[in-house]
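Here's the structure we're looking at; comments come further down.
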Amino acid sequence: MTLLRRLGPTVGVPVFAVLVAVVISGVVMAVLQVDPFEVFRVMFDLGDTPSQQMTAVVVILNRAVPLFLAGLAVAVAFRMGLFNIGVEGQYRLATIVAAAAGAAVTLPGPLHLLLIVGVAVVVGAFWAGIVAVLKVTRGVSEVISSIMLNFIALGIASFLLTGPFRGSEPGASIISTAEIPESGWMPGLNGIFGLLGLADPPRQLYGFLVVAVVVGIALAVLLDRTRFGFDLRASGLSPSAASASGVNARAMVLKTMLLSGAVAGLIGLPDLLGATRSYTTDFTAGLGFLGIAVALLGRNNPLGIAFAALLFSFLDRALVPLQIEGLPASVITIIQGTIVLAVVIANEVARRIARRSAERGGAASDAAAPGDGSTSTGQSAGGGGAPAGTAVQGTGAGVSRTAGAGQADDHRGAGA
Amino acid sequence: MAATGATGGTAPGAGAGPEGAPYAVELRGITKRFPGVVANKDIELRVRRGEVHAIVGENGAGKSTLMKTLYGMHRPDEGQILLHGREVRLKSPADAIEAGIGMVHQHFMLADNFTVLENIVLGSEPTRGGRLDRAEARRRIREISDRYSLGLDPDELVENLGVGARQRVEIAKVLYRGATTLILDEPTAVLVPQEVDELFGNLAELTREGLTVIFISHKLDEVRKVADAITVIRRGTTVGEADPKTTTSHQLAELMVGSELPSPETRASTVRDRPVLQVRDVTVMSAVGRPVVDGATLTVREGEVVGIAGVEGNGQAELVDAIMGLRQPTAGTLVLGDDDVTGWSTRARREAGIGFIPEDRHRQGMLLDATLWENRILGHQTRPPAVKGPFIDRRGARTDTARIMREYDVRAPGPDALAVALSGGNQQKLIVGREMSAAPRLLVAAHPTRGVDVGAQAVIWELLKDARAEGMGILLISADLDELIGLSDTLQVMLRGRLVATLDPARVTPEELGGYMTGARIGGAA
Chain Y
1 MTLLRRLGPT VGVPVFAVLV AVVISGVVMA VLQVDPFEVF RVMFDLGDTP SQQMTAVVVI
61 LNRAVPLFLA GLAVAVAFRM GLFNIGVEGQ YRLATIVAAA AGAAVTLPGP LHLLLIVGVA
121 VVVGAFWAGI VAVLKVTRGV SEVISSIMLN FIALGIASFL LTGPFRGSEP GASIISTAEI
181 PESGWMPGLN GIFGLLGLAD PPRQLYGFLV VAVVVGIALA VLLDRTRFGF DLRASGLSPS
241 AASASGVNAR AMVLKTMLLS GAVAGLIGLP DLLGATRSYT TDFTAGLGFL GIAVALLGRN
301 NPLGIAFAAL LFSFLDRALV PLQIEGLPAS VITIIQGTIV LAVVIANEVA RRIARRSAER
361 GGAASDAAAP GDGSTSTGQS AGGGGAPAGT AVQGTGAGVS RTAGAGQADD HRGAGA
Chain X
1 MAATGATGGT APGAGAGPEG APYAVELRGI TKRFPGVVAN KDIELRVRRG EVHAIVGENG
61 AGKSTLMKTL YGMHRPDEGQ ILLHGREVRL KSPADAIEAG IGMVHQHFML ADNFTVLENI
121 VLGSEPTRGG RLDRAEARRR IREISDRYSL GLDPDELVEN LGVGARQRVE IAKVLYRGAT
181 TLILDEPTAV LVPQEVDELF GNLAELTREG LTVIFISHKL DEVRKVADAI TVIRRGTTVG
241 EADPKTTTSH QLAELMVGSE LPSPETRAST VRDRPVLQVR DVTVMSAVGR PVVDGATLTV
301 REGEVVGIAG VEGNGQAELV DAIMGLRQPT AGTLVLGDDD VTGWSTRARR EAGIGFIPED
361 RHRQGMLLDA TLWENRILGH QTRPPAVKGP FIDRRGARTD TARIMREYDV RAPGPDALAV
421 ALSGGNQQKL IVGREMSAAP RLLVAAHPTR GVDVGAQAVI WELLKDARAE GMGILLISAD
481 LDELIGLSDT LQVMLRGRLV ATLDPARVTP EELGGYMTGA RIGGAA
């Protein structure tokens, strides 16, 4: 019962939101005179032969791995209320440096891989660390700086690719780094298909899937079961309460961003190590931004993110078949966008409902407490009267929002 | 004049016939209960038209609850509200505005990058053909400004205005909506003395023009200067009216704090010799470089309760922050036991044995959206039973939360309930239980019984007394003078950041204490 209640919003809300989004996108398609049922049919048509179907599954899984990692990277920061919009730049930069480093050396297999992964992690963490340092030393909003750093990262990546790290022939249509020698390739996982008695598709299932699963589990344990995770979550729920409890807010920002960036550094590796073996001008882009959507959909929970990543990659897989069928591939983007919107709205609605039902009985005395006390300058001295930040504190403010001024009313302000 | 955008009508109730001239505002037997708390009880308030009527009372006496009732932010459980002799039911602030009641909040709600005009009309814009009619708005604002000598330029940007002028914009905003009764909530809290005088001048203009002003404050000198009548609230109920011309600040203070003997009494001294906390010449600067704590020196010994009395905003919160390591003092040292902890982090200080009951439990004491067992961990992230090494011990935390709920009478469905579901008193008992469970050497208790019901208050007092008997040193900051006098072994009075007097709670009366707090009495040891 309690389990059900706890899982209810975690599972029910996103599922509901996805269904709503599918209906809405169906309507949009109909308006655009695209037959939604035809689109959905293509989407679910994985192929005729077992081999084709397995290929589709591998494509979905391979796409889901980087999405999953991207979602994790965003979610780690998001758990403490930090918006790491910079995942995009972090992984692009990490991938190109890792690709160059991997191509520059030849080491025994596992060591070579370890080196590439290590470089990617360090570069990703470093790039995210800049954001953290700016935030804790200069108070720069991480949203702004991480967006800005995205541009810088992409610029640096282009420079590196065309300059020092260039490995392709001059005049080649696609510029790339030098190819990573075979000792640095990640073996595929197609062996398991044989073990499971499934058809072995021609395409390789990324070995990085294993790494992603391990990272996912490790993060789940870290976030939910450790002191560090507790501090992180507490900082996200209420920065003021967290610091009063002894959490060093600055150190927490730094650690969280480094962790987020480190995970972000991994995003490009499934493709790099499993397929492309070099960073090219057309290396998979946009995973950082999709990661934000995936993290939202997965409610910052590693398991949820896994499902969200699978859903997004399932939708992405249909891009090519849709075009083959002469249907506009942009409907996928529409569906994804609608899902994100629906999930954001549904999450917020669910949060309010949950809170309201929890507050019933508690709410009124909540309103009484500040009224009974906090007053004059004492409370907010130094804080510039900041109403305790986050939405956490918005308890009964709705009551007073109708005030004539038409502006949100800090209900703490009315202390007597 | 009343072109307000407010909706909803005031339902005239049983039109209670006025005796003589009707009062502008009359409250009869207003009672407002919150679960577990009676915030207002049998409030009687009569405000004549055209007067400045002050409502004074201690923090937590129920002033703001009363004003929220009058401003329609919540409805009273009992009693009547009469405006100009007619009973009204105010369902929302919109109703209150419609009925001519305006509220000037303590914290301004102005958009800096808007002009005075835009701020004033925001929410009730005069339109012509769907567009903002600036000319009309400007004309009316000029009219209001001239009539009440507010001296406002409609086209000035608010960000260029000083605090006093901003307050006048707030007043103009309320007048623009046709208010005839203005509620000013602690209007002088943010003003410097000259601005206070200006404000009082403006208030005189308002009342000369027949408007009524309800002035909420706990600054007795100001109240006596500006008010035509004073109503005193104590512990949620009105205890009487006073005439400012014939009443002294001393008498007002007496009315405010009451002369009943304190109930939280503890007499047998348990004070031992060993100091737990020594605060030496600690100075804390505000963001603008003004000392908010100015050379504070005090010692808390084992088994001693040191009470800090003071009108709120005189540096108590900053002193607490400095002791907890949430704010770095610019000078002075803090010694816990034998260790100089001045440079220690909050966590290190907590681990070294400081317990903390923060003054605002929602802001600093709890994670409202987290479960009770997670709140049990908060502040104790590095210590058993909630934690095993680097891992959270969920089972241990749940078990211990259940124990706290049992032993400290926290009424909640269970350790998995969300903290937000608990009443204020139960939240506070959980916090007290949590802090006590770690057996700290020093407990910093800021307003430990604020906003909790009487039952919880008694429980918390008992807990503090027991802890003191066991040798815990307690630094008690409170606005409740009875609590301070009753629990403390030593009383320090804080005024403008300085510890100005050390008093013996066995001999001081609440009235005397009130005198020291407001600066009416000076210095001296008792």
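Which chain is which? The protein sequence lines are Y and X, in order.
Quick note: the first sequence, position 296, residue 296 per the working numbering, numbers continuous.
Quick note: the second sequence, position 17, residue 17 per the working numbering, numbers continuous.
Where a beta carbon is used, it is the ideal one built from N, C-alpha and C, also for glycine.
Because the structure is a prediction, the values reported are computed rather than measured.
Which one of the options has the shortest CA to CA distance from residue i?
{"i": "Y/Leu269", "options": "Y/Ile339, Y/Thr281, Y/Ala120", "result": "Y/Ala120"}
{"i": "X/Ala503", "options": "X/Leu132, X/Asp133, X/Leu491", "result": "Checking the sequence shown, residue 503 of chain X turns out to be Leu, not Ala. If we check each option's Cα against that of X/Leu503, X/Leu491 comes out closest."}
{"i": "Y/Gly291", "options": "Y/Val340, Y/Leu189, Y/Leu258, Y/Val117", "result": "Y/Val340"}
{"i": "Y/Ala251", "options": "X/Met366, X/Val88, X/Ser345, X/Arg441", "result": "X/Ser345"}
{"i": "X/Leu495", "options": "X/Met517, X/Thr509, X/Val508, X/Pro505", "result": "X/Met517"}
{"i": "X/Gly102", "options": "X/Tyr176, X/Glu87, X/Arg142, X/Asn113", "result": "X/Tyr176"}
{"i": "X/Gln80", "options": "X/Tyr71, X/Gly123, X/Val56, X/Gly29", "result": "X/Gly29"}
{"i": "X/Leu484", "options": "X/Thr399, X/Val306, X/Trp373, X/Asn314", "result": "X/Val306"}
{"i": "Y/Leu69", "options": "Y/Ala99, Y/Ala293, Y/Leu113", "result": "Y/Ala293"}
{"i": "Y/Val211", "options": "Y/Glu348, Y/Leu273, Y/Ser240", "result": "Y/Leu273"}
{"i": "X/Asp155", "options": "X/Arg139, X/Pro291, X/Phe34, X/Glu198", "result": "X/Arg139"}
Between the beta-carbon of residue i and the beta-carbon of residue j, is there less than 8 Å?
{"i": "X/Glu209", "j": "X/Arg147", "result": "yes"}
{"i": "Y/Glu179", "j": "Y/Ala103", "result": "yes"}
{"i": "X/Val357", "j": "X/Ile431", "result": "The amino acid occupying residue 357 of chain X in the given sequence is Ile; Val does not appear at that position. Closer than 8 Å, so yes."}
{"i": "X/Ala94", "j": "X/Thr65", "result": "no"}
{"i": "Y/Gly298", "j": "Y/Phe307", "result": "yes"}
{"i": "X/Pro22", "j": "X/Gly85", "result": "yes"}
{"i": "X/Ala445", "j": "X/Leu475", "result": "yes"}
{"i": "Y/Val42", "j": "Y/Leu327", "result": "yes"}
{"i": "X/Met472", "j": "X/Pro505", "result": "no"}
Spatial neighbours of residue i within its chain, please: C-beta separation below 7 Å, excluding the five flanking residues on both sides.
{"i": "X/Asp153", "result": "Val116"}
{"i": "X/Asp339", "result": "Ala352"}
{"i": "X/Met73", "result": "Pro93"}
{"i": "X/Pro413", "result": "none"}
{"i": "X/Asp281", "result": "Gly295, Thr297, Ala331, Gly332"}
{"i": "Y/Leu209", "result": "Leu61, Val65, Leu189"}
{"i": "Y/Leu296", "result": "Val340, Val343, Val344"}
{"i": "X/Asp273", "result": "Arg301"}
{"i": "X/Thr382", "result": "Arg347, Glu351"}
Would you please verify whether the beta carbon of residue i is less than 8 Å from any beta carbon of chain X?
{"i": "Y/Arg227", "result": "yes"}
{"i": "Y/Asn248", "result": "yes"}
{"i": "Y/Ala346", "result": "no"}
{"i": "Y/Arg138", "result": "no"}
{"i": "Y/Gln379", "result": "With a pLDDT of 33 at Y/Gln379, under the threshold of 50, the modelled position of that residue is not reliable, and the figure given next carries that caveat. By this cut-off, Y/Gln379 is an interface position."}
{"i": "Y/Arg79", "result": "no"}
{"i": "Y/Ala244", "result": "yes"}
{"i": "Y/Ser141", "result": "no"}
{"i": "Y/Ser51", "result": "no"}
{"i": "Y/Leu19", "result": "no"}
{"i": "Y/Ala241", "result": "yes"}
{"i": "Y/Arg299", "result": "no"}
At least one CB of chain Y closer than 8 Å to the CB of residue i: is that the case?
{"i": "X/Thr346", "result": "yes"}
{"i": "X/Leu277", "result": "no"}
{"i": "X/Ile530", "result": "An answer regarding residue 530 of chain X cannot be provided, because it is not within the stretch 1 to 526 covered by chain X."}
{"i": "X/Ala370", "result": "yes"}
{"i": "X/Tyr516", "result": "no"}
{"i": "X/Leu326", "result": "yes"}
{"i": "X/Gln251", "result": "no"}
Ordered along the chain, which non-local residues of its own chain (more than five positions away) have a Cβ less than 6 Å from that of residue i?
{"i": "Y/Val140", "result": "Leu134"}
{"i": "X/Lys173", "result": "Ile120"}
{"i": "Y/Met186", "result": "Gly207, Phe208, Leu273, Gly274"}
Could you pull out every residue in the same chain whose Cβ sits closer than 8 Å to the Cβ of residue i, ignoring the five residues on either side in sequence?
{"i": "X/Thr238", "result": "Asp42, Ile43, Glu44, Leu45, Thr231, Val232"}
{"i": "X/Glu170", "result": "Val104, His105, Phe108, Met109, Leu110"}
Applying a beta-carbon distance threshold of less than 9 Å, which residues of chain B neighbour residue i?
{"i": "Y/Ala234", "result": "Among the chains of the structure shown, chain B does not appear; the protein chains present are Y and X."}
**OP:** Jot down the residue ranges of each uninterrupted beta strand (DSSP E) in the segment 224-286 of chain X, minimum 3 residues, whole runs only, in chain order.
**Re:** Listed in chain order, the complete beta strand (DSSP E) runs (minimum 3 residues) inside the segment 224-286 of chain X are 229-234, 237-242, 275-285.
Subject >> Runs of alpha helix (DSSP H) lying entirely within the segment 71-118 of chain Y, each at least 4 residues, in chain order >> reply: List check, alpha helix (DSSP H) in window: 87-104.
Original post:
For the segment 386-460 of chain X, which segments carrying the beta strand (DSSP E) assignment without a break, of at least 3 residues, lie completely within its bounds, in sequence order?
Top reply: Fully contained in the segment 386-460 of chain X are the following beta strand (DSSP E) runs of length 3 or more, in chain order: 442-446.
**OP:** At 4 residues or longer, and completely inside the segment 33-115 of chain X: list those alpha helix (DSSP H) runs for me, N to C.
**Re:** The segment 33-115 of chain X contains these whole alpha helix (DSSP H) runs: 63-70, 93-98.
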